[in-house]
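Visitor:
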């Protein structure tokens with residue numbers, strides 16, 4: 009059975025139901041559903057946590073709550089997300105999804121008129137873009153094909169790029185705009201990577217001006233490296249159309265040096281900033297309670313291992329040999345170990361923000377290596393996906409598998425499928 013078949017969401021038939029007919033009843037249901045949504049975001053926390061988590065994600069979450077309380081368009085979009093989430097729960101009713109889609113369409117029209125056309129409320133525009141992207145990744149498929157869902161998500165990512173670049177970099181040096189910028193860099197860079205296009209975030213001014221008054225976090229430094237990778241992919245894609253083999257050979261060498269530089273910086277980042285991840289292996293029980301800081305650490309470390317795996321595959325596909333400093337088996341094992349955290353009950357709905365890139369990277373790595381590779385890692389990732397917490401994300405993950413740059417897939421000589429294996433299979 010393929011990874012795509014195993015990812016097929018479980019569809020649970022339900023009896024037809026109608027939305028509450030009384031306006032007062034409906035308003036009460038809405039308030040309750042939105043409250044349930046935030047309660048399920050972090051099940052063990054009444055307020056958004058501090059510490060490492062706050063530096064990693066706090067600005068975006070704080071802005072979401074603030075602006076959905078102030079803007080009718082964003083309030084409607086928040087309700088659409090909350091209703092769709094409630095529809096997937098055990099107590100969900102069919103009317104919730106139809107009402108969610110109606111609200112989503114209304115919110116799109118209202119945002120176009122009241123937020124994007126009137127401007128310039130930068131914070132509201134960024135929050136609107138984040139909420140629309142969130143809806144696409146959770147519930148956007150509808151009647152679309154798989155590729156259509158990812159394509160819609162990418163369009164929202166491009167929209168956020170347009171919003172951010174409509175202002176100068178120093179706009180994001182202070183306040184909530186600074187925190188929104190930090191929280192959004194991951195999606196903007198991921199969008200650029202999947203489209204194999206250079207991102208403005210690789211420019212030096214965008215790596216310095218927003219931090220005029222605040223120090224960078226380990227995640228900020230890692231995203232600085234991530235932002236340089238799409239430029240290499242753009243070069244690889246352009247090179248394929250050239251007719252001159254001599255020109256291709258010369259440029260391939262230059263691209264190989266660029267990848268080598270990225271890997272060197274990744275390894276230096278690991279030596280300076282790596283966070284410990286628990287549990288210690290793939291079979292040890294997860295901790296009973298998962299703190300927000302542990303979840304943030306799992307996010308940062310899974311991103312690191314995603315980048316080492318993808319860059320090593322890129323190195324191999326450009327030059328015919330992997331980087332000797334990178335052991336794919338070890339990196340994939342560590343990626344899988346960190347990804348276990350995303351299946352913990354305490355990760356809440358927030359898991360969907362940070363799990364997509366690691367899970368898509370892991371599944372792509374397994375599929376590229378063929379049947380039978382990485383049995384333990386595959387079983388672990390699929391147990392996470394089938395934990396019951398990812399039903400609303402499975403369609404999106406399958407959709408994203410269609411958009412992985414082939415230059416970053418490990419299609420070359422296979423290594424041993426055990427942790428720490430050093431030899432090459434011949």
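Residue numbers (my numbering): 9 to 434. Every residue, glycine too, gets a C-beta built ideally from N, C-alpha and C. All values derive from a computational prediction rather than experimental measurement.
1. Report yes or no: do the segment 312-326 and the segment 406-418 share at least 3 C-beta pairs separated by less than 8 angstroms?
2. With distances taken between CB atoms, is the gap from residue 279 to residue 341 smaller than 8 angstroms?
3. How long is the line joining the alpha carbons of residue 47 and residue 189, rounded to whole angstroms?
4. Which of the three DSSP states, helix, strand or coil, is assigned to residue 79?
5. Buried or exposed: residue 143, going by 16 or more other Cβ atoms within 10 Å of its Cβ?
6. Figure out for me which residue from 119, 217 and 94 has the closest Cα to the Cα of residue 78.
7. Nearest-angstrom Cα distance between residue 389 and residue 301?
8. Just confirm the distance between the C-beta atoms of residue 204 and residue 245, as a whole number of angstroms; I'd bet it's less than 8 angstroms.
9. Express the C-alpha separation of residue 411 and residue 113 in angstroms, rounding to a whole number.
10. Contact check, residue 175 vs residue 130 under 8 angstroms by CB: the rounded distance?
11. Using only the alpha-carbon positions, how far apart do residue 402 and residue 316 sit?
12. What's the gap between the Cα of residue 51 and the Cα of residue 159?
13. Here's the rule I'm using: 16 or more other beta-carbon atoms within 10 Å means buried, otherwise exposed. How should residue 367 be labelled?
14. Tell me the DSSP secondary structure of residue 350 in three-state form.
15. Just mark residue 373 as buried or exposed, buried being the case when its beta carbon has 16 or more other beta carbons within 10 Å.
16. Have a look at 199, 145 and 146 and flag the residue whose alpha-carbon is nearest the alpha-carbon of residue 170.
17. What are the boundary residues of the alpha helix (DSSP H) that includes residue 108?
18. Starting from the Cα of residue 90, find the closest Cα among 133, 107 and 347 and give me that residue.
19. Is the beta carbon of residue 201 closer than 8 angstroms to that of residue 241?
20. For residue 243, collect the residues of the same chain with a Cβ closer than 6 angstroms to its Cβ; drop the 5 residues on either side in sequence, then sort them by chain order.
21. Return the CA-CA distance between residue 353 and residue 193, expressed in angstroms with no decimal places.
22. Thinking residue 181 and residue 220 are a contact (beta carbons under 8 angstroms), I'd like their distance in whole angstroms, please.
23. Name the residue from 88, 97, 103 and 183 whose alpha carbon lies nearest to the alpha carbon of residue 491.
24. Verify whether the separation of the beta carbon atoms of residue 475 and residue 85 is less than 8 angstroms.
25. Counting only the same chain and skipping the five closest in sequence on each side, list residues whose C-beta sits under 6 angstroms from that of residue 358.
26. Under a three-way DSSP split, which group does residue 414 fall into?
27. Please state if the CB of residue 226 and the CB of residue 437 are separated by a distance shorter than 8 angstroms.
28. If you draw a straight line from the alpha carbon of residue 379 to that of residue 223, how long is it in whole angstroms?
Guide: According to the data block:
1. When C-beta atoms of the segment 312-326 are compared with those of the segment 406-418, three or more pairs fall below 8 angstroms, so the two segments count as touching.
2. No.
3. Going by the C-alpha atoms only, they are around 25 angstroms apart.
4. In this structure, residue 79 counts as coil in the three-state DSSP scheme.
5. Residue 143 comes out buried.
6. Of the candidates 119, 217 and 94, the one whose C-alpha sits nearest the C-alpha of residue 78 is 119.
7. So the alpha carbons of these two residues sit roughly 22 angstroms apart.
8. Indeed they touch by this definition, with Cβ atoms about 5 angstroms apart.
9. Residue 113 and residue 411: Cα-Cα distance of roughly 26 angstroms.
10. Correct: roughly 6 angstroms between the Cβ atoms.
11. Looking at the two C-alpha atoms, the distance is approximately 25 angstroms.
12. When rounded, the separation of the alpha-carbon atoms in residue 51 and residue 159 is 31 angstroms.
13. Under this definition residue 367 is a buried residue.
14. Of the three classes helix, strand and coil, the one that applies to residue 350 here is helix, per DSSP.
15. Residue 373 counts as buried, since at least 16 other C-beta atoms from the protein chains shown sit within 10 angstroms of its C-beta.
16. The residue with the shortest Cα to Cα distance from residue 170 is 199.
17. Residue 108 -> alpha helix (DSSP H) spans 102-119.
18. Comparing Cα-Cα distances from residue 90 to each of 133, 107 and 347, the minimum goes to 107.
19. Taking 8 angstroms as the Cβ cut-off, residue 241 and residue 201 qualify as a contacting pair.
20. Correct list, in chain order: 263.
21. Rounded to the nearest angstrom, the two C-alpha atoms are 27 angstroms apart.
22. About 4 angstroms; that satisfies the 8 angstroms criterion.
23. Because the chain in this structure spans residues 9 to 434, residue 491 falls outside the shown range and cannot be described.
24. This structure cannot settle anything about residue 475, because the visible part of the chain is limited to 9 through 434.
25. Counting only Cβ-Cβ distances below 6 angstroms, and skipping sequence neighbours, we find 49.
26. Helix at residue 414.
27. The shown model of the chain, from 9 to 434, leaves out residue 437, and the question about it has no answer.
28. For residue 379 and residue 223, the distance between alpha carbons rounds to 45 angstroms.
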